Amino acid sequence: MISQRKIGWFFVMLMAVLTVPLSAQDSLPPAPYAYNQLDDPRLESEATALMHSLRCLKCQSQSIADSDAPMAGDMRHQVRSRILAGESPSEIRSWLIARYGDYVSYEPEVSATTWPLFAGPIVLLLIVAGVLLRRLGKRRCDAGDAA
Amino acid sequence: MIPEIGLAALWLAAALAVLQIASGAFALRAAGGEVNPLAIYARPAAIVQAFLAVLAFLMLLWAFAITDLSIKLVASNSHSMKPMLYKLTGTWGNHEGSMLLWVGVLALSGGMLAAFERRLPERTMGATLAVQGFVALGFYAFLLLSSNPFERLPVPAAEGTGLNPLLQDVGLAIHPPTLYAGYVGLSVAFSLAMGALLTREVNPSFARVMRPWVLGAWVLLTLGITAGSYWAYYELGWGGWWFWDPVENASLMPWLAATALMHSVSVLAARDALRTWTIMLGVLAFSMSMLGTFLVRSGVLTSVHAFAVDPERGAFILALLGLYIGGAFTIFALRAGAVSEGKRFAVSSREGALVFNNVMLSAILAIVLLGTLYPLLTEMFDVRVSVGPPYFNPASAIFAVPMFLVMAVGPLLRWKSDKPARLQFELALIAALFIGVIAVVSFFGQFPLLPLLGLGLAAALGVAAFLPLRGRAISRVPVATWGMVIAHFGVAVSLFGMACEGAFSQERLAAVAPGGTEQIGDFSFTLESVTPVAGPNWTAIEARLAISEDGGEPVILTPQARNFWSPPQATSESALLTRWDGQLYAVIGNQAEDGRWQIRVWWKPFVTFIWYGGLLIGLGGILAIAGRVKVDVRRRRAVAMGTVRRSDLEALDAASPVPAE
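Sequences listed follow chains A and B, in order. According to our numbering, the stretch in the first sequence is residues 1 to 147, in order. According to our numbering, the stretch in the second sequence is residues 1 to 661, in order.
Pasting the structure below:
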């Protein structure tokens with residue numbers, strides 16, 4: 001009994017420790033550019049395109065452009081303010097990848113872990129060319145022989 | 001009592017599936033021309049099994065309708081306060097219920113095959129029903145052993161937990177059953193392919209039996225994906241219609257395979273070519289259906305690790321998947337050599353174009369498969385990567401663009417062999433439209449490459465779809481040909497919608513105080529008020545937006561931010577203003593510190609064409625089925641008449657023993 005109560009206590013403490021910073025974060029007002037567009041339409045479209053290809057880490061299969069999660073709002077703010085400061089989308093993407101890992105970007109880059117994604121289509125192109133040559137190329141010879 | 005009837009029906013159905021396998025297998029052992037005495041049970045077993053499985057599903061439907069809280073599934077997924085429609089649709093809004101629907105449709109299609117199909121040789125039919133029974137047995141076992149939908153609670157619950165509010169929508173009433181029926185319709189194509197392969201009956205008459213099943217399944221998949229895409233578009237509240245999400249991909253992959261299969265089986269029926277291709281695609285299409293079910297139903301998508309912690313269900317489906325796909329491809333590998341290729345053809349022929357496009361469809365399928373499974377694979381080794389639109393769009397376009405170009409020309413070519421020179425005018429027209437539209441559009445502004453290509457292809461395809469009718473008497477064109485024309489035109493319409501949405505969409509995101517006005521494109525919108533409203537099982541904040549186009553008469557849109565209380569969840573209900581040339585899409589967000597409201601509005605030109613196109617494609621498929629059935633009925637009647645006439649003649653001959661000379 002005692003040990004159970006101890007565990008229960010431990011959980012209450014743990015929950016308290018874990019939830020305090022979270023609720024503190026929730027009550028903060030969203031960062032300025034989380035829900036505000038940039039004035040320059042060209043920069044805004046650049047930012048939008050980038051935001052659509054970044055994953056919201058708190059959601060299931062949503063980009064930060066489509067998510068209402070506070071964290072996605074913070075990331076949108078980062079993207080917009082960095083675009084405004086003159087950074088290029090690819091610089092911002094690499095900065096976010098350095099911070100959150102490959103998982104944050106929907107646009108995989110060639111690396112030790114992702115190379116099969118890019119080798120795949122190339123191998124596929126070769127296979128397709130091979131299959132088409134075998135299936136259709138041979139026919140041409142046959143047709144030629146018959147003629 | 002009701003759940004017990006359902007459970008008993010399921011067990012009986014499983015037992016009948018065993019009988020169906022055994023009896024079907026005996027049909028294979030019959031000598032030519034004879035019927036094995038044990039083979040006669042396969043058909044009745046399949047039919048009775050269909051009744052039992054459907055009965056089981058109806059029992060579950062009934063339990064959900066009356067919210068029988070002594071059943072675990074109902075208690076954990078329904079709520080007595082839910083509207084009746086969503087109580088019913090909730091039946092398949094969960095794992096067990098949707099698997100029961102799956103199995104019900106599987107048994108039903110097997111029963112229909114057994115009841116109505118009389119054209120196949122009995123041996124092939126026996127083998128087909130045996131395979132169908134084998135597939136069904138696996139899924140019965142899955143339901144009964146690892147996800148029993150009729151499980152009772154030791155003590156009935158006081159109240160149910162409720163259904164995920166995102167699923168409380170009419171879209172859900174249509175989308176999953178349609179998609180499942182499509183998935184499972186492909187099981188018949190699979191069984192037929194295996195049956196024909198086992199009995200070496202891969203020929204045009206087999207293809208004519210298979211074609212309506214493939215067409216039907218394909219139509220249902222098309223409509224299911226279209227409905228799903230529209231549901232995601234208006235229900236998820238972020239204005240997107242396709243995100244290459246694994247769940248979406250799981251439905252797209254069987255569709256791609258079924259599209260290829262449908263074209264291939266038509267070639268087999270009409271020209272006796274592409275025999276092994278058709279069989280292979282038949283196996284592939286159903287494999288993709290099962291893979292889709294596995295991905296969506298095993299929990300592997302939420303997290304590979306969650307799957308590994310509670311692997312019972314996922315491992316079960318994975319084992320079934322391995323058994324069926326592995327088994328089918330093994331038989332294919334062993335027997336394919338015995339099936340000859342069939343009739344030959346030249347590169348520039350309609351068959352040639354179809355082969356090209358089938359290869360392209362298969363390649364796109366491979367890309368989608370790679371991009372969907374690869375992140376799951378790396379996650380197993382604790383490396384997380386994301387694969388999204390920036391990968392899928394260009395990688396699939398590599399194969400899709402040539403495919404669409406060939407698709408424009410293919411239907412104009414003759415069977416067997418044709419000279420491109422004959423089609424000079426048509427080819428020039430298609431090329432001019434493609435290049436012309438791209439040139440004109442890029443003259444007016446800077447647009448991304450893919451939408452630009454899409455616009456060019458849409459124009460070329462839209463006109464090319466009708467070229468096969470050129471020089472023909474319109475009233476004499478067969479119904480099935482109209483089906484092809486309309487389906488191909490639907491592809492162009494859909495492409496046009498996608499390209500416009502990609503190239504010309506506008507977005508306005510603003511913090512608006514009540515009374516404030518903002519502008520997007522030709523529209524101005526005024527936030528008139530924000531008020532709380534309540535529904536049967538939710539409360540919401542509702543914005544009244546007065547939208548006026550070019551200063552005209554305002555229209556009121558009311559987007560809501562809803563809070564459901566059982567289970568507690570917030571959803572965003574978008575409001576749509578549909579014009580012929582596009583949709584205005586409005587969402588209300590949070591309230592800022594200063595009391596202003598976040599309003600997000602998109603103007604999406606021609607976005608509706610995406611789904612109109614999907615509907616046209618489906619309609620084309622329905623016309624193709626109707627046309628084939630019509631021809632078939634006419635042929636059967638002619639044959640019957642011929643037999644009657646022949647017997648009359650014989651009777652006459654018998655009556656007059658001395659023939660007149």
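We treat Cβ as the ideally placed atom computed from N, Cα and C, and that holds for glycine. None of these values were measured; they are calculated from a predicted model.
Short check: CB of residue 367 of chain B to CB of residue 396 of chain B, under 8 Å?
Translated into the one-based positions of the second sequence, residue 367 of chain B becomes position 367. Translated into the one-based positions of the second sequence, residue 396 of chain B becomes position 396. Yes.
Is it right to say residue 24 of chain A is buried, meaning 16 or more other beta carbons lie within 10 angstroms of its own, or is it exposed?
Reading the first sequence from its first residue, position 24 is the one you call residue 24 of chain A. With a pLDDT of 43 at residue 24 of chain A, under the threshold of 50, the modelled position of that residue is not reliable, and the figure given next carries that caveat. Burial call: exposed.
Quick one, which of B:111, B:609 and B:60 has its alpha-carbon nearest residue 184 of chain B's?
Counted from its first residue, the second sequence places residue 184 of chain B at position 184. Residue B:111 is the option with its Cα nearest to residue 184 of chain B.
Using 8 Å as the threshold, is the C-beta distance between residue 234 of chain B and residue 576 of chain B below it?
What you label residue 234 of chain B is simply residue 234 of the second sequence in a count that begins at 1. What you label residue 576 of chain B is simply residue 576 of the second sequence in a count that begins at 1. In contact: residue 234 of chain B and residue 576 of chain B (Cβ atoms closer than 8 Å).
Rounding to the nearest angstrom, what Cα-Cα distance links residue 26 of chain A and residue 57 of chain A in this structure?
Reading the first sequence from its first residue, position 26 is the one you call residue 26 of chain A. Reading the first sequence from its first residue, position 57 is the one you call residue 57 of chain A. Unreliable placement is indicated for residue 26 of chain A, whose pLDDT of 48 sits below 50; the coordinate value is still reported in the next sentence. Spanning the two alpha carbons is a distance of roughly 16 Å.
Quick one: Cα of residue 655 of chain B to Cα of residue 644 of chain B, how far?
Here residue 655 of chain B refers to the residue found at position 655 of the second sequence. Here residue 644 of chain B refers to the residue found at position 644 of the second sequence. Their Cα atoms are separated by approximately 16 Å.
With DSSP as the reference, identify every bridge partner of residue 322 of chain B, one or two as the case may be.
Numbered from 1 along the second sequence, position 322 holds the residue referred to as residue 322 of chain B. DSSP, once it has assigned bridges, lists no residue as partnering residue 322 of chain B.
Straight-line Cα distance separating residue 597 of chain B from residue 48 of chain A
The count along the first sequence starts at 1 and reaches residue 48 of chain A at position 48. The count along the second sequence starts at 1 and reaches residue 597 of chain B at position 597. About 21 Å.
Taking 8 Å as the CB-CB limit, is residue 40 of chain A close to chain B?
Sequence index remark: in the first sequence, residue 40 of chain A carries index 40 (1-based). Not one chain B Cβ lies under 8 Å of residue 40 of chain A.
Assigned exposure category for residue 226 of chain B - 16 Cβ within 10 Å defines buried:
In the second sequence, residue 226 of chain B corresponds to position 226, counting from 1. Under this definition residue 226 of chain B is a buried residue.
Leaving aside the five residues before and after residue 101 of chain B along the sequence, list all residues of the same chain whose C-beta is less than 8 Å from its C-beta, in chain order.
If you number the second sequence from 1, residue 101 of chain B lands on position 101. Here the set comprises 57, 91, 92, 176, 177 and 180.
Residue 598 of chain B, enclosing alpha helix (DSSP H) - first and last residue:
Position 598 of the second sequence, counting from 1, holds the residue named residue 598 of chain B. No alpha helix (DSSP H) contains residue 598 of chain B, which is instead part of the beta strand (DSSP E) from 597-605.
So which residues of chain A does residue 372 of chain B contact, with C-beta pairs closer than 7 Å?
Translated into positions along the second sequence, residue 372 of chain B becomes position 372. Here the premise fails: no neighbours, minimum Cβ distance about 11 Å.
Would residue 615 of chain B count as contacting chain A if we go by Cβ distances under 8 Å?
Here the question's residue 615 of chain B lines up with position 615 in the second sequence. No, its Cβ sits nowhere closer than 8 Å to a Cβ of chain A.
Environment of residue 608 of chain B [buried if 16+ CB atoms lie within 10 Å]
Numbered from its first residue, the second sequence carries residue 608 of chain B at position 608. Buried.
Chain B contacts from the region 72-101 of chain A (Cβ-Cβ distance under 8 Å):
101
Proximity to residue 171 of chain B [Cα-Cα], best of B:333, B:13, B:349 and B:223:
Within the second sequence, numbered from 1, the residue matching residue 171 of chain B stands at position 171. Among B:333, B:13, B:349 and B:223, the Cα nearest to that of residue 171 of chain B belongs to B:223.
Pick helix, strand or coil for residue 107 of chain A, following the three-state DSSP scheme.
Start at 1 with the first residue of the first sequence, and residue 107 of chain A comes out as number 107. Coil, per DSSP.
Look at residue 43 of chain A and residue 96 of chain A and say whether their C-beta atoms are less than 8 Å apart.
Translated into the one-based positions of the first sequence, residue 43 of chain A becomes position 43. Translated into the one-based positions of the first sequence, residue 96 of chain A becomes position 96. The answer is no: Cβ separation not under 8 Å.
Name the residue from B:599, B:192, B:52 and B:312 whose alpha carbon lies nearest to the alpha carbon of residue 281 of chain B.
Sequence index remark: in the second sequence, residue 281 of chain B carries index 281 (1-based). Comparing Cα positions, the closest option is B:192.
In its own chain, which residues sit with a C-beta less than 7 Å from the C-beta of residue 21 of chain A, not counting the 5 before and 5 after it?
As a working mapping, residue 21 of chain A is identified with position 21 in the first sequence. Residue placement at residue 21 of chain A cannot be trusted, given a pLDDT of 44 that sits under 50; what the coordinates show is reported in the next sentence. Once the five neighbours on either side are set aside, residue 21 of chain A has no close Cβ partner at all.
Is residue 70 of chain A close to chain B, meaning its C-beta is less than 8 Å from at least one C-beta of that chain?
Working through the first sequence from its first residue, we reach residue 70 of chain A at position 70. It does not; no Cβ of chain B falls within 8 Å.
How many Å lie between residue 392 of chain B and residue 52 of chain A at the Cα?
Within the second sequence, the letter at position 392 stands for residue 392 of chain B. Within the first sequence, the letter at position 52 stands for residue 52 of chain A. The alpha-carbon atoms of residue 392 of chain B and residue 52 of chain A are separated by roughly 14 Å.
Determine, for residue 382 of chain B, whether the minimum Cβ-Cβ distance to residues of chain A falls below 8 Å.
Taking the first residue of the second sequence as 1, we reach residue 382 of chain B at position 382. No, residue 382 of chain B lies away from the interface with chain A (no Cβ there is under 8 Å from its Cβ).
Rounded Cβ spacing between residue 438 of chain B and residue 455 of chain B (contact assumed at less than 8 Å):
Counted from its first residue, the second sequence places residue 438 of chain B at position 438. Counted from its first residue, the second sequence places residue 455 of chain B at position 455. About 7 Å; that satisfies the 8 Å criterion.
Name the one or two DSSP bridge partners that residue 582 of chain B has.
Along the second sequence, read from residue 1 onward, the residue named residue 582 of chain B stands at position 582. Its beta-bridge partners are B:579 and B:605.
Which of the three DSSP states, helix, strand or coil, is assigned to residue 127 of chain A?
Here residue 127 of chain A corresponds to residue number 127 of the first sequence, with the count starting at 1. The answer is helix: DSSP assigns residue 127 of chain A an H, G or I state.
The region 531-539 of chain B in contact with the region 68-87 of chain B per 3-pair CB rule at 8 Å
yes
Where do the ends of the alpha helix (DSSP H) carrying residue 544 of chain B lie?
Residue mapping note: residue 544 of chain B aligns to position 544 of the second sequence, counting from 1. Not the alpha helix (DSSP H): residue 544 of chain B falls in the beta strand (DSSP E), residues 538-549.
Cα-Cα separation, residue 49 of chain B to residue 270 of chain B
To locate residue 49 of chain B, count along the second sequence from 1; it is residue 49. To locate residue 270 of chain B, count along the second sequence from 1; it is residue 270. Near 34 Å, if we compare the C-alpha coordinates of residue 270 of chain B and residue 49 of chain B.
Assuming residue 197 of chain B contacts residue 335 of chain B (C-beta within less than 8 Å), just tell me the rounded distance between them.
Counting from 1 along the second sequence, the entry for residue 197 of chain B is found at position 197. Counting from 1 along the second sequence, the entry for residue 335 of chain B is found at position 335. Confirmed, Cβ separation roughly 5 Å.
If we count the other Cβ atoms within 10 Å of its Cβ and call it buried at 16 or more, is residue 242 of chain B buried or exposed?
Here residue 242 of chain B is taken as the residue at index 242 of the second sequence, counted from 1. It is buried - the Cβ of residue 242 of chain B has at least 16 other Cβ atoms within 10 Å.
Alpha carbon to alpha carbon, how far is residue 279 of chain B from residue 43 of chain B? Give it in angstroms, no decimals.
Locating residue 43 of chain B in the second sequence gives position 43, where the first residue counts as 1. Locating residue 279 of chain B in the second sequence gives position 279, where the first residue counts as 1. Cα to Cα, residue 43 of chain B sits roughly 23 Å from residue 279 of chain B.
Would DSSP call residue 341 of chain B helix, strand or coil?
Against the second sequence, residue 341 of chain B aligns to sequence position 341. DSSP places residue 341 of chain B in coil when its eight states are reduced to three.
DSSP state of residue 523 of chain B, grouped into three classes?
On the second sequence, residue 523 of chain B is found 523 positions in, with the first residue counted as 1. Residue 523 of chain B: strand per DSSP, three-state reduction.
Considering only residues of the same chain and omitting the five flanking positions on each side of residue 46 of chain B, which have a CB-CB separation below 6 Å?
One-based indexing of the second sequence puts residue 46 of chain B at position 46. Taken in chain order, the residues that qualify are 20, 110, 111, 114 and 129.
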